[in-house]
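If you're matching positions, the sequence shown starts at 1 in full-length UniProt numbering and goes up one per residue.
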Amino acid sequence: MAQKESGITELKNRMHCLPACRHGLKQFRNGWADGPAYITQCPIATGRSYVYDFNVTGQRGTLWWHAHILWLRATVYGAFVILPKQGDPFPFPQPYQEANIVLGEWWNADVEEVEKQGNQLGLPPNMSDAHTINGKPGPLFPCSDKHTFAMEVERGKTYLLRIINSALNDELFFAVAGHNMTVVEIDAVYCKPFQTEALLIAPGQTTNVLVRADRAPGRYFMAARPFMDAPLPVDEKMATAILQYKGVPNSVVPTLPRLPARNDTAFADAYNDKLRSLNTPRFPANVPLVVDRHLFYTIGLGINPCVTCLNGTQLTASLNNITFVMPTVGLLQAHYLNVKGVFRLDFPDNPPTPFNYTGAPLTANLGTSLGTRLSRLAFNTTVELVLQDTNLLSVDSHPFHLHGYNFFVVGTGVGNFDPARDPSKYNLVDPPERNTVGVPTGGWTAIRFRADNPGVWFMHCHLELHTTWGLKMAFVVENGNGPDQSVLPPPSDLPPC
Numbered sequence: 001m002a003q004k005e006s007g008i009t010e011l012k013n014r015m016h017c018l019p020a021c022r023h024g025l026k027q028f029r030n031g032w033a034d035g036p037a038y039i040t041q042c043p044i045a046t047g048r049s050y051v052y053d054f055n056v057t058g059q060r061g062t063l064w065w066h067a068h069i070l071w072l073r074a075t076v077y078g079a080f081v082i083l084p085k086q087g088d089p090f091p092f093p094q095p096y097q098e099a100n101i102v103l104g105e106w107w108n109a110d111v112e113e114v115e116k117q118g119n120q121l122g123l124p125p126n127m128s129d130a131h132t133i134n135g136k137p138g139p140l141f142p143c144s145d146k147h148t149f150a151m152e153v154e155r156g157k158t159y160l161l162r163i164i165n166s167a168l169n170d171e172l173f174f175a176v177a178g179h180n181m182t183v184v185e186i187d188a189v190y191c192k193p194f195q196t197e198a199l200l201i202a203p204g205q206t207t208n209v210l211v212r213a214d215r216a217p218g219r220y221f222m223a224a225r226p227f228m229d230a231p232l233p234v235d236e237k238m239a240t241a242i243l244q245y246k247g248v249p250n251s252v253v254p255t256l257p258r259l260p261a262r263n264d265t266a267f268a269d270a271y272n273d274k275l276r277s278l279n280t281p282r283f284p285a286n287v288p289l290v291v292d293r294h295l296f297y298t299i300g301l302g303i304n305p306c307v308t309c310l311n312g313t314q315l316t317a318s319l320n321n322i323t324f325v326m327p328t329v330g331l332l333q334a335h336y337l338n339v340k341g342v343f344r345l346d347f348p349d350n351p352p353t354p355f356n357y358t359g360a361p362l363t364a365n366l367g368t369s370l371g372t373r374l375s376r377l378a379f380n381t382t383v384e385l386v387l388q389d390t391n392l393l394s395v396d397s398h399p400f401h402l403h404g405y406n407f408f409v410v411g412t413g414v415g416n417f418d419p420a421r422d423p424s425k426y427n428l429v430d431p432p433e434r435n436t437v438g439v440p441t442g443g444w445t446a447i448r449f450r451a452d453n454p455g456v457w458f459m460h461c462h463l464e465l466h467t468t469w470g471l472k473m474a475f476v477v478e479n480g481n482g483p484d485q486s487v488l489p490p491p492s493d494l495p496p497c
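Spelled out as structure tokens, the structure:
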């Protein structure tokens, strides 16, 4: 879906049978159009409909939409492109053409049954059977050529690729054989351009790159495969598509790109270090320099007893030792109507039990508790949140997405965050501005944002496996005092619970 931004653009979308999230759209004062089930709305019943009616204000670039209940986003997703105002040029050379490159995963089974089977066992569900590019796995899988996406290019022309990682559980490397890419945008925010042979993109993230067709006419594979530097199982399945020069016959065998090794942490760190906000007078980086509220959340994996699981235990995940329990009433509705007993406003600002977070592996979960506990933020509060990976059961990487906001990634590091030393290394000038950020394996990430969008806003790991296990929470941002600083009334067709 592409819409031109003319100051404010009204868009409408009708989805059936399930809630759909417009990932990265800020939805000012209008969480009713945000989409996550039981957070801002109840699910849309089979045979019923709900109109997502919202404004796009002050944003442009590549975002996406997807189902936001269970694992249904495995197949229900798509690109969402907001074009600049007419006559407003890109801050980089105008491309000859654009293409959406959507990376995904595929199961040769009913994905809901796959998820259900894993939950019954208390174990991770089966891995996907394939990765895909624009819904097709490519010829490296046992499929015919019709299951390969091909993009035709003309020699000497420059193309803008809008890349989206919609995979459920894998961070992905992506490259185009024989061609460099110039990164110009991340998560719908322009960034300082830089060239790279490959890029890293986590689930939920988007990246725009310029590719110039300046090689010998031929056929070149575009390819994606997982990045995993934790001591956990990962598949090696590579999805491919074809960049094909005009006039070159299909009989020409494409060449494969050089992708980093699946555990190439050095490449991942070096790539992320290059990401910087454009920070020009036209596209400033308004980083909060004074912080009102400091938050420190530990990310933990663990094992809990489970009487209904075949193994007697189940894997779990937590933030600050709290495994989030999904309510049966939409949290935004409960907040707006002041419905009691649906959630508590006592999510802790810090972990209840400090420990050596990334030291030797711990098999305990330090007393993980279950609860629907939210954190309250006063309107216009400036927030610094440090997300700390832990070695509870195992270290792992975690791409975290915050609904309703962009944030600045001011710092990241390996090991335990040191509040006395690490803030002095923050980038407060041109840090990358995102809506989804990867917390490195066995490390930490610090983000800053201003809580100027009232409502209930979900924050969760965008690895669907970890979200299922409870790695999520939500913020309640209070109304302000101004006329345009309060949550809008709910629409008349809001799905009932």
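All residues carry an ideal CB built from backbone N, CA and C; glycine is no exception.
Pick from the options: whose alpha carbon is nearest that of residue i?
i	options	result
Asn100	Val153, Asn208, Gly341, His462	Asn208
Leu200	Lys136, Asp273, Asp129	Asp273
His398	Cys309, Thr372, Tyr357, Gly442	Gly442
Arg293	Thr382, Gly24, Thr132, Ala150	Thr382
Val386	Gly312, Leu319, Val325, Leu463	Leu319
Asp214	Ala239, Val153, Thr206, Leu161	Val153
His179	Thr206, Asp269, Phe221	Phe221
Phe28	Val456, Leu465, Pro495	Val456
Pro483	Thr468, Met459, His466, Asn453	Asn453
Asp129	Asp229, Asn169, Tyr271, Asn279	Asn169
Pro89	Phe283, Trp107, Ala378, Ala474	Phe283
Report the partner residues of residue i according to the DSSP bridge assignment.
i	result
His465	Note that residue 465 corresponds to Leu in the displayed sequence, not to His. Bridge partners of Leu465: none, in fact.
Arg344	Arg373
Gly242	Here residue 242 is Ile; the residue named in the question, Gly, does not match the sequence. BP columns for Ile242 point to Ala150, Phe221.
Ser277	Cys191
Gly300	Ser318
Val209	Leu161, Val183
Glu197	Glu197 is not bridged to any residue.
Val253	DSSP, once it has assigned bridges, lists no residue as partnering Val253.
Cys21	His66
Glu171	Phe227
Glu105	His131
Thr323	Leu370
residue 527	Nothing can be reported for residue 527: it is not among the residues displayed for the chain, which extend from 1 to 497.
Val176	His179, Met222
Nearest chain E C-beta to residue i closer than 8 Å, yes or no?
i	result
Tyr52	The displayed structure is made up of one protein chain only, and chain E is not part of it.
So what does DSSP say about residue i, is it helix, strand or coil?
i	result
Val114	helix
Thr316	strand
Tyr271	helix
Tyr336	helix
Leu289	coil
Ala99	strand
Leu295	strand
Thr328	coil
Thr308	coil
Ala130	strand
Ala266	helix
Gln120	helix
Does the Cβ of residue i have 16 or more other Cβ atoms within 10 Å, making it buried, or fewer, making it exposed?
i	result
Asp187	buried
Lys85	exposed
Asp110	exposed
Gly135	exposed
Lys246	exposed
Phe408	buried
Lys425	exposed
Asn30	buried
Asn479	exposed
Arg48	exposed
Lys340	exposed
Gly312	exposed
Arg14	Only weak support is given to the placement of Arg14: the predicted model assigns it a pLDDT of 36, under 50, and the value that follows is read from those uncertain coordinates. Classification of Arg14: exposed, given that the 10 Å Cβ count is below 16.
Ser369	exposed
Asn286	exposed
Asn338	exposed
*What are the complete alpha helix (DSSP H) segments, minimum 4 residues, inside the UniProt domain "Plastocyanin-like" (346 to 480)?*
Listed in chain order, the complete alpha helix (DSSP H) runs (minimum 4 residues) inside the UniProt domain "Plastocyanin-like" (346 to 480) are 464 to 468.
_Any beta strand (DSSP E) of 3 or more consecutive residues that is wholly inside the UniProt domain "Plastocyanin-like" (23 to 86)_ = Runs found: 49 to 57, 61 to 67, 77 to 83.
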